[in-house]
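Numbering (the working numbering), first residue to last: 441 to 842.
Virtual Cβ for every residue (Gly too), placed ideally from N, Cα, C.
For reference, the structure discussed in these notes is given below.
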């Protein structure tokens with residue numbers, strides 16, 4: 441059995457993830473925080489995946505980020521630093537793609553030196569910086585795939601799919617969160633491991649603690665309160681929420697999170713409260729007001745292949761959950777009410793409201809009690825350590841697979 445601490449000793453991680461300063465905390469942030477408890481981590485905020493627009497706004501934004509990349513990395517914690525690798529838009533202009541690659545590699549190497557990270561593991565949570573795999577002198581390349589990225593609305597799907605495939609094939613270990621993607625990734629790289637999301641059990645358990653105060657914005661709501669937290673994007677079925685709110689005008693629908701789409705029709709309803717983005721640590725204070733929590737996704741390819749982080753967070757609060765179906769959510773069918781259409785969704789909400797939020801709360805919390813982020817990251821690091829140890833035993837310590 442490989443001792444992870446021994447195998448990882450003396451190494452750091454260069455970690456390519458979502459925007460560190462984004463309103464929504466994702467698995468990218470949770471994993472990085474826990475890796476930094478074991479080794480130094482340089483968190484690299486990667487450029488967005490949406491197709492670039494030929495606009496002055498995009499160019500000005502890119503130039504601001506290029507200037508920011510020249511500054512030393514920001515220290516977030518004792519062993520956690522942050523930097524960004526901006527990319528110029530207009531990739532079809534000759535020379536721009538070559539510049540992006542060269543500048544990206546230079547900027548990351550410069551930040552690694554400033555953070556004092558020598559021997560390193562390259563860790564990608566998003567596919568589009570994958571051109572840097574094998575170009576940073578890393579001992580191992582990890583791809584931690586948490587989504588079907590090419591299915592995201594507004595992205596350059598062909599380019600992102602190509603980046604995803606190339607990185608999957610180049611990585612020495614591929615960890616996959618959505619169960620629907622495991623078979624696909626295994627066919628592309630036999631060194632693929634299923635690694636579902638975790639949850640901060642202690643944080644979300646605060647929703648059931650009498651000492652936890654209600655969020656100020658949730659104190660005057662008429663009950664029952666049907667709650668949602670997370671970003672409000674194209675994959676959220678706003679029409680379903682509106683229909684539910686109109687069917688039950690005496691209920692309050694509380695939506696906590698940044699709205700990236702037009703929510704004017706919801707905002708016009710008297711029983712819908714849009715709380716906007718809130719600090720992650722305060723989510724249990726909002727969830728404490730919920731009589732039920734909902735996952736109102738649109739049924740599309742992205743959702744079919746998703747592993748929704750909020751599912752485990754809701755369950756850790758103990759609140760009843762009503763959701764649409766997908767392979768990962770169906771694993772929790774014993775503690776989640778699943779709906780196949782609008783009428784089914786409303787009937788499920790009627791049932792949990794009638795039963796009350798305490799009915800089945802202990803079972804819901806127990807369903808995720810052992811699925812903490814700490815355990816997830818420990819399991820992943822054990823796999824990484826084993827891969828490093830196996831490479832060290834090979835003659836001449838051959839280079840990484842590429």
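Terminal residues of the alpha helix (DSSP H) in which residue i lies
{"i": "residue 604", "result": "597-610"}
{"i": "residue 691", "result": "Unbroken run through residue 691: none, as it is neither H nor E."}
{"i": "residue 544", "result": "536-555"}
{"i": "residue 470", "result": "467-475"}
Distance between residue j and residue i (C-alpha atoms, nearest Å)
{"i": "residue 585", "j": "residue 453", "result": "16 Å"}
{"i": "residue 595", "j": "residue 647", "result": "36 Å"}
{"i": "residue 462", "j": "residue 515", "result": "17 Å"}
{"i": "residue 839", "j": "residue 513", "result": "Any reading at residue 839 must be qualified, since the residue scores a pLDDT of 49, below 50, and its modelled position is unreliable; no value is offered."}
{"i": "residue 858", "j": "residue 562", "result": "Because residue 858 is not part of the residues shown, which for the chain are 441 to 842, the question remains open."}
{"i": "residue 606", "j": "residue 675", "result": "26 Å"}
{"i": "residue 538", "j": "residue 525", "result": "14 Å"}
{"i": "residue 810", "j": "residue 712", "result": "34 Å"}
{"i": "residue 728", "j": "residue 758", "result": "10 Å"}
{"i": "residue 554", "j": "residue 753", "result": "36 Å"}
{"i": "residue 797", "j": "residue 486", "result": "40 Å"}
{"i": "residue 820", "j": "residue 615", "result": "8 Å"}
{"i": "residue 591", "j": "residue 580", "result": "28 Å"}
{"i": "residue 495", "j": "residue 523", "result": "Note that residue 495 has pLDDT 48, beneath the 50 cutoff, so the model's placement of it is unreliable and no number is given."}
{"i": "residue 687", "j": "residue 750", "result": "25 Å"}
{"i": "residue 444", "j": "residue 678", "result": "45 Å"}
Spatial neighbours of residue i in its chain, beta-carbon cut-off 6 Å, leaving aside the 5 residues before and after
{"i": "residue 447", "result": "825, 828, 829"}
{"i": "residue 831", "result": "none"}
Start-to-end residues for the beta strand (DSSP E) that takes in residue i
{"i": "residue 394", "result": "The requested residue 394 does not occur in the structure, where the chain is confined to residues 441 to 842."}
{"i": "residue 613", "result": "613-616"}
{"i": "residue 517", "result": "514-517"}
{"i": "residue 733", "result": "732-735"}
Where residue i falls: helix, strand or coil (DSSP)
{"i": "residue 784", "result": "helix"}
{"i": "residue 654", "result": "coil"}
{"i": "residue 566", "result": "coil"}
{"i": "residue 817", "result": "helix"}
{"i": "residue 571", "result": "helix"}
{"i": "residue 841", "result": "Since pLDDT at residue 841 reaches only 49, below the 50 mark, its modelled position is unreliable, and no value is offered."}
Close beta carbons around residue i, own chain, < 8 Å, minus the five adjacent residues each side
{"i": "residue 698", "result": "463, 464, 671, 672, 716, 717"}
{"i": "residue 775", "result": "755, 761, 800, 803, 804, 807"}
{"i": "residue 707", "result": "714"}
Selection from the options that minimises the alpha carbon distance to residue i
{"i": "residue 794", "options": "682, 779, 741, 666", "result": "666"}
{"i": "residue 634", "options": "572, 640, 621", "result": "621"}
{"i": "residue 467", "options": "550, 456, 637, 590", "result": "637"}
{"i": "residue 741", "options": "455, 587, 603", "result": "587"}
{"i": "residue 844", "options": "722, 483, 780", "result": "This structure gives no information on residue 844, because the portion of the chain shown stretches from 441 to 842."}
{"i": "residue 692", "options": "582, 771, 659, 737", "result": "659"}
{"i": "residue 734", "options": "782, 626, 709", "result": "782"}
Cβ-heavy atom distance, residue i to the ligand SAM, below 7 Å
{"i": "residue 461", "result": "This structure does not include the ligand SAM; it has no bound ligands of any sort."}
Cβ shell of residue i (< 7 Å), same chain only, five flanking positions each side left out
{"i": "residue 629", "result": "608, 609, 611, 614"}
{"i": "residue 657", "result": "715"}
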